[in-house]
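Chains as they are written, first to last, in the numbering used here: chain X, -10 to 302; chain P, 3 to 356. First the structure, in the form of structure tokens, and then the observations on it.
Now the structure itself:
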């Protein structure tokens, strides 16, 4: 187990390092320069050059990289090129919104997907065919489109949930959940369908196992058989698909936040990308990678705890 | 935006030609192939027959519902929705196709290479692809747009590079199992070069999996492309795009909810068509095991039988115990239950259980 944890940890650090190098190179290997953005439109080449000089853009690439890394590891992402605000403070204020949406959506996908998938595998027949057909429709629906339809059904026709606005958790947990419910549901439609498919396939496989047959023969209650024994056997693919889903839903959240006017990373990314505010873009890449990698690390450890085969592999 | 629900499906058996032909006999396969073909033909020939120009405004008829002149209604500037949807199809399909081509252009050679060169090579390639898969893809795509601007085809190619890691992972398993087959060994013994073995013997056996994955990936590409356009990083107006049209429609959700329907439905149907085609080629999901619930079937009642042992309280003859669909676990148990045995039975741990 210790060896396994050490390997996953090394992999997580490697991934964050790769993302850092990637986002650094992406910004530095292109023809544009931050000076042009700081100096604004209509600036002379001399002004742009002066701005670049001041930002240290003209130094050797290796020096700049070392400098950037040493700042980033201390949590300093620099200041925005467009309006000069502190990127770290901005992104850290926004991260909880996006992370909450992604987490809620993943949780919802997991619960709904597992129940549906397990039921389909256990019941078989018409219900199973309906679930299979329904899930292939659900994965094809664009989350942002589903989001608009949800706004129409739940905020405009009825006033069950607010369409826009964010309430911090610390202020009012119930309102917080309400303000994030629509985006989380919109994302979970496709997510639950994918989890349901994986859970169904895993359960079909699990229910064919000898130990399940034995447990059934000695009279284990059906719910215990399905949700404890068989599901544990099917858990590795389900949990690893949840890890992939968290990455996808984090990205999806960045898209749907826009629709619900939520002050998350999506809004910041959209703004930064639109005006080529490169330090802010780099900051988003690094923070998003760290969040996604930590979540997947935790899920990996969960799989290892559930499935001894993984630990030794 | 669900990235990577790629699965190999049940890609065993049958040549890819036979699989495709079989897929086209299933309703889902027919639907998928027909819809995609229709869309491709419609978007290629669209300049010849589109009823309205893409940017032709009819402000008097803005936000109108479906009618004889505007089959799917009009948007906020009175532009014909049907014409715009068809006109936007081309770029959507090409963009997603670029992702698919790049992903397989990288993923297939990598899988063949790793399968051929054994553990060392496989480990190196696999580690790199794992890192690629662990990155937040959407954020990186946005970062690319931040640097080069919304040049959709290049962005979709970058997406293809990132997804090639997922393609590699699925194809590696297939390539490795194909390489273990005897005819591959025979070809190598016959002195065929590495390239010839891969192209003539390994690759053809992987084509079914490739076809399934390509169709799935095509749908994913469409969703991501539309998602990017939805937040404003699609083709620049007045060039229409599905994501941008859905965004514009969402603004009018209170005064014209219909506007959401046509574009969203066409996008969803196109993704669905790709997924259905993939399912049809792969042969569908595995069938579930027989039900776990107790069977409701009753044993045939044959009427009272003559007891063999007159002292028995209860007599069991030819008892069979079996799990649904499984083999019989106990057969041919016959025993008379006399009064002195009954107490032993009820005291045994099995009593009282189902």
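Positions of the beta carbon are idealized from the N, C-alpha and C atoms, including for glycine.
- Within chain P, 148 have C-beta atoms less than 7 Å from the C-beta of residue 261 of chain X, given in sequence order.
- The criterion of a C-beta distance shorter than 8 Å is not satisfied by residue 228 of chain X and residue 5 of chain X.
- Burial check for residue 94 of chain P: the Cβ neighbour count within 10 Å reaches 16 or more, so the residue is buried.
- When only Cα atoms are considered, residue 26 of chain P and residue 178 of chain X end up about 29 Å apart.
- From the beta-carbon of residue 7 of chain X, the residues of chain P found nearer than 7 Å are 133.
- Burial is judged here by how many other beta carbons sit within 10 angstroms of a residue's own beta carbon; residue 220 of chain P has at least 16 and is buried.
- Considering only beta carbons, the part of the segment 209 to 233 of chain P lying closer than 7 Å to chain X consists of 221, 225, 228, 229, 232 and 233, in chain order.
- Residue 274 of chain X reaches chain P at 141, 142 and 145, counting residues in chain order whose Cβ is nearer than 7 Å.
- Rounded to the nearest whole angstrom, the CA to CA distance from residue 220 of chain X to residue 315 of chain P is 44 Å.
- By the C-beta density criterion, residue 311 of chain P is exposed, having fewer than 16 other C-beta atoms within 10 angstroms.
- In its chain, beyond the 5 residues on either side, 170, 173, 174 and 177 have a beta carbon closer than 7 Å to the beta carbon of residue 113 of chain P.
- A distance of 8 Å or more separates the beta carbons of residue 148 of chain X and residue 249 of chain X.
- For residue 105 of chain X, there are no C-beta contacts with chain P under 7 Å, since the nearest C-beta of that chain is about 13 Å from it.
- The Cβ of residue 247 of chain X sits closer than 8 Å to at least one Cβ of chain P.
- Beyond the five residues adjoining it in sequence on each side, residue 61 of chain P comes within less than 8 Å, by CB distance, of 79 and 80 in the same chain, given in chain order.
- Here the alpha carbon of residue -10 of chain X sits roughly 24 Å from the alpha carbon of residue 191 of chain X.
- Across the structure, residue 44 of chain X and residue 108 of chain P are spaced so that their CA atoms are roughly 37 Å apart.
- Judged by DSSP secondary structure, residue 281 of chain P falls within the alpha helix (DSSP H) whose first and last residues are 262 to 284.
- For the segment 125 to 137 of chain X, the beta-carbon criterion of a distance under 7 Å to any beta-carbon of chain P is satisfied by 125, 126, 128, 129, 130, 131, 132, 133, 134 and 137.
- When C-alpha distances from residue 157 of chain X are compared across X:82, X:188, X:206 and X:173, the shortest belongs to X:82.
- The contact set of residue 259 of chain P on chain X, defined by CB atoms closer than 7 Å, consists of 141 in chain order.
- Annotation for residue 317 of chain P: the continuous beta strand (DSSP E) segment containing it runs 316 to 324.
- Of the residues assessed, residue 285 of chain X falls on the buried side of the cut-off, its CB having 16 or more other CB atoms within 10 angstroms.
- Neighbours of residue 174 of chain P in chain X, taken as residues whose beta carbon is under 7 Å from its own, are absent, since the nearest beta carbon is some 16 Å off.
- For residue 256 of chain P, the chain X residues whose Cβ falls inside 8 Å of its Cβ are 145, in order along the chain.
- Closer than 8 Å to the CB of residue 4 of chain X there is at least one CB belonging to chain P.
- Around the CB of residue 51 of chain P, fewer than 16 other CB atoms lie within 10 Å, so the residue is classed as exposed.
- For residue 191 of chain X, the enclosing alpha helix (DSSP H) covers residues 162 to 196.
- Taking a beta-carbon distance threshold of 8 Å, residue 281 of chain P counts as an interface residue toward chain X.
- Residue range 132 to 139 is occupied by the alpha helix (DSSP H) that includes residue 136 of chain X.
- Residue 31 of chain X sits in coil when the DSSP states are folded into three classes, being neither helix nor strand.
- Against residue 98 of chain P, chain X offers no close residue; the least beta-carbon distance is about 13 Å (beta-carbon pairs closer than 9 Å).
- Between residue 127 of chain P and residue 144 of chain X, the alpha-carbon positions lie close to 49 Å from each other.
- Burial is judged here by how many other beta carbons sit within 10 angstroms of a residue's own beta carbon; residue 155 of chain X has at least 16 and is buried.
- Distance between residue 144 of chain P and residue 71 of chain P, taken at the CA atoms: about 39 Å.
- Closest by C-alpha distance to residue 104 of chain P, out of P:156, P:73 and P:54, is P:156.
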